Amino acid sequence: MSPRLSVFLPVVRRWWALLLVGGVVAGIAGYAFVSQQKPSYEAKVELLVGPINTNFDTLKASGQLAQSYAQLASSGKVLQATISQLKLPLSTTQLDSHVRTTANAVTRVLSIRVQDDNPQLATKIANSLASNLATLATAGTVSPAAGQLRVIDPADTATRIRAKTGIIVAIAVLFGMFATLIGVLLVEYLSGRVRSEEELAEVAQVACLGVVEGLRRRSPEGALLVETEPESPSAA
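The working numbering numbers the first residue of the sequence shown as 565 and each following residue consecutively.
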């Protein structure tokens, strides 16, 4: 057995019930925390960069522009235009924290995702961002064919984001058991009690020849067990 395991296993065997209680309590606390969180919703808009059918060079240029447009979707100019259009009580930095954009250079599809605890507002923001991005892209593009940007799948309704309750509770349980184990190890370290033959041999600096089992109470000071309880199993 590994030396490290030989230290931890006896502690775990003595305190397993407390470790279990610590994990259960932490799991309940984690579940309560998740349950009290407000539901979050996500609205998604998909846009196509470039024409549907065209020559290879235009398709390649459109794929390269898709990544640029993804960055542009969360730029200050597009965010500010959306804030002004919807009269949002948010700064560009606050709105940016709700927005996530991805782009695929092969399919040339750009996705704008907006998360908010208000599903209607998330839908409005996503559609507004897509509209303002398309306007900005059309005005600033050098190649009208490759830089064409159109909405192919607007946000109609926002979907609720399911919290990963099981994962969060499992992490809480493990954290609770680990924290309890740390506390138990601290108690064991500060305690002066001898709990095993190995600990006795280490403290006494002599070999342990045997253990008398069955002791339930201490004998009077200075008295021997064989004298006070000569008929007991322990005396034998």
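Note that CB positions come from ideal geometry on N, CA and C, so glycine has one too. In this text, all values refer to a predicted model and were calculated from it rather than measured experimentally.
Element boundaries [beta strand (DSSP E), containing L681]:
The displayed chain sequence assigns Asp, not Leu, to residue 681. Where D681 is concerned, there is no enclosing beta strand (DSSP E), given that its DSSP letter is neither H nor E.
With a CB to CB cut of under 6 angstroms and the five nearest residues on each side skipped, what residues in its chain are close to G640?
Cβ within range, chain order: T656.
Taking the alpha-carbon of L623 as reference, which of T721, A590, N668, S675 has the nearest alpha-carbon?
The shortest C-alpha separation from L623 is found at N668.
Can you check whether the CB of G586 is closer than 7 angstroms to the CB of I732?
No, they are not a contact pair.
Assign S661 to buried or exposed, taking buried as 16 or more other Cβ atoms, counted over all protein chains shown, within 10 Å of its Cβ.
S661 should be labelled exposed.
Using the rule of at least 16 other Cβ atoms within 10 Å of the residue's Cβ for burial, across every protein chain shown, is I676 buried or exposed?
Label assigned to I676: buried.
Identify which residue in V576, V642, S638, L612 has its Cα closest to the Cα of Q628.
Nearest of V576, V642, S638, L612 to Q628, Cα basis: L612.
Any idea what DSSP makes of K728, helix, strand or coil?
In the three-state reduction of the DSSP assignment, K728 falls in the coil class, being assigned neither a helical nor a strand state.
If you draw a straight line from the C-alpha of F742 to the C-alpha of R664, how long is it?
Straight across, the Cα-Cα distance linking F742 with R664 is about 35 angstroms.
Go through its chain and collect everything with a Cβ distance to Q644's Cβ below 8 angstroms, but skip five positions before and after it.
Contacts found: T656.
Cβ distance (whole Å) where L745 is taken to contact L573 below 8 angstroms
Between L573 and L745 the Cβ distance is about 12 angstroms, and since that is not below 8 angstroms, they are no contact.
For K608, which residues does DSSP report across the bridge?
According to DSSP, K608 bridges with R677.
Where does L652 sit, in a helix, a strand or coil, going by DSSP?
Reduced to three states, the DSSP call for L652 is coil.
Spatial distance of K701 from P603 (CA atoms)
Note that residue 701 is Ala in the sequence shown, not Lys. Each residue's alpha carbon lies about 34 angstroms from the other.
Excluding the five sequence neighbours on either side, which residues of its own chain have a C-beta within less than 7 angstroms of the C-beta of R672, listed in chain order?
So the qualifying residues of the chain are L612, V613, G614, S626, G627, A630.
Distance between A722 and A690 (C-alpha atoms, nearest Å)
When the Cα atoms are used, A690 and A722 turn out to be separated by approximately 10 angstroms.
Using three-state DSSP, classify D717 as helix, strand or coil.
It is a strand residue.
If you draw a straight line from the C-alpha of V748 to the C-alpha of T729, how long is it?
About 28 angstroms.
In DSSP terms, what A667 is bridged to:
Beta-bridge pairing by DSSP links A667 to L674.
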